[in-house]
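One structure below.
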Amino acid sequence: MNFQARLEALTHQLRPWSSLWSQSILQGWPGSGAAYPEDWLAYARSLDEAGERQLDQGVLVGVPPPSLEALLGALQELTALPWHEGHQALTVAQTQGLSAKKTHELERVLALLAPRTRFIQQAVDIGGGMGHLARLCARTFGWTFHSIDRDAALQDKGRRWLARQGGDTVSFIQASVEDGLQPGIDPLFSGQDRASIGLHTCGPLALTQLRKSQGAGFVLNIGCCYDKLEAPRDYPVSRFGAAHPLPFTPHALALTTRGRHHKTEEEFARMKRVYAWRFAFDLLTRQRFPERGFVRAGDAPRSLYDGPFAVYARDRLERLGLEPGMTDAELDVFEVSVRAETRDLLLCHLLRDRFARALEVVLLLDRALLLEELGFQVELLQLFDPRLSPRNLALIASRGA
Ligand SMILES: C[S@@+](CC[C@H](N)C(=O)[O-])C[C@H]1O[C@@H](n2cnc3c(N)ncnc32)[C@H](O)[C@@H]1O
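Count the sequence shown with our numbering and you get residues 3 to 403, in order.
Pasting the structure below:
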């Protein structure tokens, strides 16, 4: 893939809409809503529940505004990435105690590694947790494997697991992997016969892995938790990315981490209810306690979204030490009175979510370009089923055989 052309085209599409994706709708309301073109909002308001669900999946029913249709079409094309097909089935014994998600991930990672790592003898896993990947790679490929993690308790669990399953060539190293020189662990990342692996490396840990692995023969990185990144420290990281930057904010980084699997009817209805209560609560606190500015409602227990708004709102207000001087009936009447506005808030969210995958792909194209600039041959593939594991993009870099 031509990563430069893809990044240039994607940033070209995204830049004009940065006022939509770079700010929080709720925190900036009602000003944030003004960034949404009137014809986009009029179209979204015309949708019934089925149409809203389609919009949530990126499908525009009826007669959408041309600018929205053109943008979504372009983003869909530019975020399409090749799939890694195939998995290496694990035995029942190998998957004992593993979640369906972890099993799915490991089966696909093993299948991806097999044809690409014939020259590899040793590997290191950064943020290796309990060492499941290490144990399976050691068994499957016969590699010597170092699994590094800063969490000693997880590694102890992994050691016990390994003892039960039988030795192999896995060593656990308890260390916090940081940028800069670390003579104790840095040599593990260097050598033509060494693979450097990071499976769901949180935030900037992915970048630390890439930088430490400049001398490795093979690199596999799957990132996650992009909301833990800081721009400009962690984006852009490539020279080409720096020449085509986007104004990433903490809110934009948070948007990239939003789960985007297709929701069932029930999941979509639940999301709408959670949003409706949150948004009405926000409008209530603005009206009653304007001096408090934006008030964070926080995550409420699931059951509170099933009952009346008044019960939810009272619970949240009590937690914040606020007394609105309203009866439950008045709180419920308030919620009904702001429904047109809370629906607009929902529609803006559905529209803004359309940028999430594109922004995630920008971050990964920038990383792919960094690896190319370091002299690697690079692939960017979809590896996991996003319904099971939504952070499913794999960066694969190799120096060639
Ligand atoms: C999301 S988990 C992924 C664990 C494992 N790779 C997996 O896929 O199940 C991230 C892991 O990275 C570890 N971690 C995070 N930052 C680290 C750092 N700077 N150095 C070493 N380990 C780190 C955490 O303790 C955690 O076990």
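All residues carry an ideal CB built from backbone N, CA and C; glycine is no exception.
* Asked: So does the stretch 294 to 312 actually touch the stretch 331 to 339, counting three or more Cβ pairs closer than 8 Å?
  -> yes
* Please say whether Leu373 and Leu212 have beta carbons closer to each other than 8 Å? => Yes, the pair counts as a contact, with Cβ atoms nearer than the cut-off.
* To do: For Ile150, verify whether its CB is less than 7 Å away from any heavy atom of ligand 1.
  => yes
* **Residue environment, Gly23, which counts as buried when at least 16 other CB atoms sit within 10 Å** => The question names Gly, but residue 23 is Trp in the sequence shown. Buried is the call here.
* Asked: In chain order, which continuous runs of the alpha helix (DSSP H) of length 4 or greater are located wholly inside the stretch 292 to 364?
  -> 311 to 321, 330 to 339 and 341 to 354
* **Any non-hydrogen atom of ligand 1 within 7 Å of Leu353 CB** => no
* Tell whether a beta-carbon distance below 8 Å holds between Thr266 and Asp229. => no
* To do: Measure the alpha-carbon distance for Ala208 versus Thr93 and round it to whole angstroms.
  => If you take the alpha carbons of Ala208 and Thr93, they lie about 30 Å apart.
* My understanding is that Arg17 touches Leu367, with C-beta atoms under 8 Å, so please give their C-beta distance in whole angstroms. => The pair is not a contact, with the Cβ atoms about 15 Å apart (cut-off 8 Å).
* Asked: Taking 7 Å as the cut-off, is the CB of Leu201 close to at least one heavy atom of ligand 1?
  -> yes
* Do you know offhand how far Gln384's Cα is from Met3's? -> 13 Å
* For the candidate residues Arg152, Glu109 and Phe143, whose alpha-carbon lies nearest to that of Gly129? -> Shortest Cα-Cα distance from Gly129 to any of Arg152, Glu109 and Phe143 involves Arg152.
* Asked: At a cut-off of 7 Å, is Ser178 close to ligand 1 when judged by its beta-carbon and the heavy atoms of the ligand?
  -> yes
* Near ligand 1: Gly131 beta-carbon under 7 Å from a heavy atom -> yes
* Simplified DSSP state of Asp229, which is helix, strand or coil -> helix
* **Span separating the alpha-carbon of Leu114 from that of Lys214** => Distance between Leu114 and Lys214, taken at the CA atoms: about 22 Å.
* To do: Measuring alpha carbon to alpha carbon, tell me which of Glu180, Gly133 and Gly225 ends up nearest Thr171.
  => Gly133
* Cβ pair Ala302, Glu337 closer than 8 Å -> Remark: C-beta atoms of Ala302 and Glu337 do not approach each other more closely than 8 Å.
* Asked: Rounded to the nearest angstrom, how far is the Cβ of Thr81 from that of Val363, given a contact under 8 Å?
  -> 5 Å
* To do: Run the CB neighbour count on Trp145, radius 10 Å, all protein chains shown included, and call it buried at 16 or more, exposed below.
  => buried
* Asked: Is the Cβ of Ser101 closer than 8 Å to any Cβ of chain C?
  -> Here there is only one protein chain, and chain C is not present.
* To do: Report the residue from Phe220, Glu40, Arg341 and Gly193 whose alpha carbon sits nearest the alpha carbon of Ala278.
  => Arg341
* To do: Please name the residue, chosen from Phe143, Val239, Phe191 and Ala396, that lies closest to Pro206 on a Cα-to-Cα basis.
  => Val239
* **Cutoff 6 Å; reference Phe357; Cβ partners in own chain excluding five residues on either side** => Trp23
* Terminal residues of the continuous alpha helix (DSSP H) containing Asp158? -> Ala154 to Gln167
* For Leu139, is the beta carbon positioned less than 7 Å from some heavy atom of ligand 1? -> In the sequence as displayed, the identity of residue 139 is Cys instead of Leu. Result no, Cβ not under 7 Å from ligand 1.
* Proximity winner among Thr329, Gln29, Glu54 and Val380, relative to Gln6 (alpha-carbon distances) -> Val380
* Since Leu395 is in the beta strand (DSSP E), which residue starts that stretch and which ends it? -> Leu395 to Ser400
* Is Cys350 near ligand 1, in the sense that its beta carbon is under 7 Å from a heavy atom of that ligand? -> With a cutoff of 7 Å, Cys350 does not count as near ligand 1, since its C-beta is closer than that to no heavy atom of the ligand.
* **Inside the stretch 40 to 94 only - alpha helix (DSSP H) runs reaching at least 4 residues** => 40 to 47, 51 to 58 and 68 to 81
* C-alpha distance - Gly323 paired with Asp317, whole-angstrom precision -> Each residue's Cα considered, the two are about 10 Å apart.
* To do: Spatial neighbours of Arg290 within its chain, please: CB distance less than 7 Å, with the 5 preceding and 5 following residues excluded, ordered by chain position.
  => Taken in chain order, the residues that qualify are Pro326.
* Whose C-beta lies closer than 7 Å to the C-beta of Thr31 among residues of the same chain, with five residues either side of it excluded? -> Note that residue 31 is Trp in the sequence shown, not Thr. Taken in chain order, the residues that qualify are Leu347.
* **Contact set for Gln56: own chain, Cβ-Cβ below 6 Å, skip 5 residues either direction** => Val63
* Asked: Can we count Asp405 as close to ligand 1, meaning its CB is less than 7 Å from some heavy atom?
  -> Any property of residue 405 remains undetermined from this structure, which presents the chain solely from 3 to 403.
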